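In terms of my numbering, the sequence shown opens at residue 79 and continues consecutively. Scroll down for the structure; my scribbles are underneath it.
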Amino acid sequence: MIIHIFDNAEQIGKAIADMIVEQVNEKPDSVLGFATGASPVPTYKSLINAYNEGRVSFKDITTFNLDEYCDLPKSDKNSYYTFMHENLFDHIDVNEEKVNFLNGNAEDPEKECVRYDSLIDEKKIDIQILGVGRNAHIGFNEPSDKFTKGSFRVALTDSTIDANSIYFDENPMPHFALTMGTVSIMRSKKIIMVATGSSKQDAIFNMVNGDITPECPASVLQLHPDVHIFLDKDAAARL
Ligand code: GLP
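Rendered as structure tokens:
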């Protein structure tokens, strides 16, 4: 794990965006895995700036998102589909046909997960962006007694419901989601994690210094050969 500590989220966003721009300029048809949550938003802003400044084009990339809520219309303001379009895809020249999401409303979630995993296996993710939950979840892989493999339907924990329900004012927050599994995430060639704020410091400490255990899902990243962790000083406070 290579750990980068910055003063603020904006600097982190610029540094991660630079890595992504370099990757896409070297390989225009790169496969990028994107994450939602507040943490990657400054990165997405910097990617939009890079695109507006003519430093990069995303027209040939393929994207995969980590996860999606179940039982929430795609058009809902809190769906991850909407989040990614509002925060990134609507502002760059990505080809919508190459944008991939798990369908949280699929009639047969198992079949949907198999569909998604075979697409990922076929394309292979060059860079996967990750945030981390306060309980060290990655994607929506919650603490558990075993590591997950491919995509699956997950019951969200109270910690995650508590953290994410601030965004839900009209409809209640869904209690289930579809998420890429741990093994799928680990197959990405490069992983870039971003975490900011003191609410993440225990998760970061355990991820870096703790045992590799499914009770701390992010700890599995210790086994990946090419992981960059971008932290602000608050998230890094216990390291
Ligand atoms: C959600 C997402 C995760 C994300 C986490 C942290 O639970 N499914 O992928 O990492 O939120 O979000 P934030 O960056 O807002 O703290």
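Note that the Cβ used here is the ideal one computed from N, Cα and C, for glycine as well. Predicted model only: the values in this text are computed from it and were never measured.
Residue i: CB within 6 Å of a non-hydrogen atom of ligand 1
i    : result
A214 : no
F254 : no
T235 : no
F218 : yes
S26  : Any answer about residue 26 is impossible in this case: the structure gives the chain only from 79 up to 317.
T114 : yes
D247 : no
S117 : yes
D145 : yes
G209 : yes
Opposing strand residues paired with residue i [DSSP bridges]
i    : result
M162 : Per DSSP, none; premise fails for M162.
A184 : Answer by DSSP bridge pairing: none, since A184 is not bridged.
V232 : A255
L197 : BP columns for L197 are empty, so no partner.
N178 : F142
F225 : The partner list for F225 (beta bridge, DSSP) is empty, contrary to what the question assumes.
F308 : H82, V272
I47  : Shown here, the chain extends from 79 to 317; a query on residue 47 therefore has no answer.
A216 : According to the sequence as given, residue 216 is Ile; it is not Ala. DSSP, once it has assigned bridges, lists N219 as partnering I216.
Expected contact under 8 Å - CB spacing of residue i and residue j to nearest Å
i    : j    : result
I263 : Q300 : Between Q300 and I263 the Cβ distance is about 13 Å, and since that is not below 8 Å, they are no contact.
L110 : T160 : Not a contact, Cβ separation roughly 19 Å.
H253 : I244 : The pair is not a contact, with the Cβ atoms about 16 Å apart (cut-off 8 Å).
P120 : I90  : 6 Å
I269 : F308 : The Cβ separation is near 11 Å, so there is no contact.
D171 : K105 : Rounded, the Cβ-Cβ distance is 16 Å, inconsistent with contact.
M285 : A241 : With 8 Å as the limit, M285 and A241 do not qualify as a contact, their Cβ atoms being about 17 Å apart.
Assigned exposure category for residue i - 16 Cβ within 10 Å defines buried
i    : result
L208 : buried
V232 : buried
L317 : exposed
A314 : buried
Y122 : buried
G132 : exposed
E220 : buried
S276 : exposed
S297 : buried
P118 : buried
D149 : exposed
Beta carbon proximity, residue i to chain D, threshold 7 Å
i    : result
S196 : Given the protein chain composition of this structure (a single chain), no chain D is represented.
Going residue by residue through the segment 238-283, where are the continuous beta strand (DSSP E) segments of at least 3 residues, counting only ones entirely within it? Qualifying beta strand (DSSP E) stretches, in chain order: 254-257, 268-273.
Quick one: complete beta strand (DSSP E) runs, 3+ long, within the segment 85-151? As far as the segment 85-151 is concerned, its whole beta strand (DSSP E) runs of at least 3 residues are 109-112, 140-143, 145-147.
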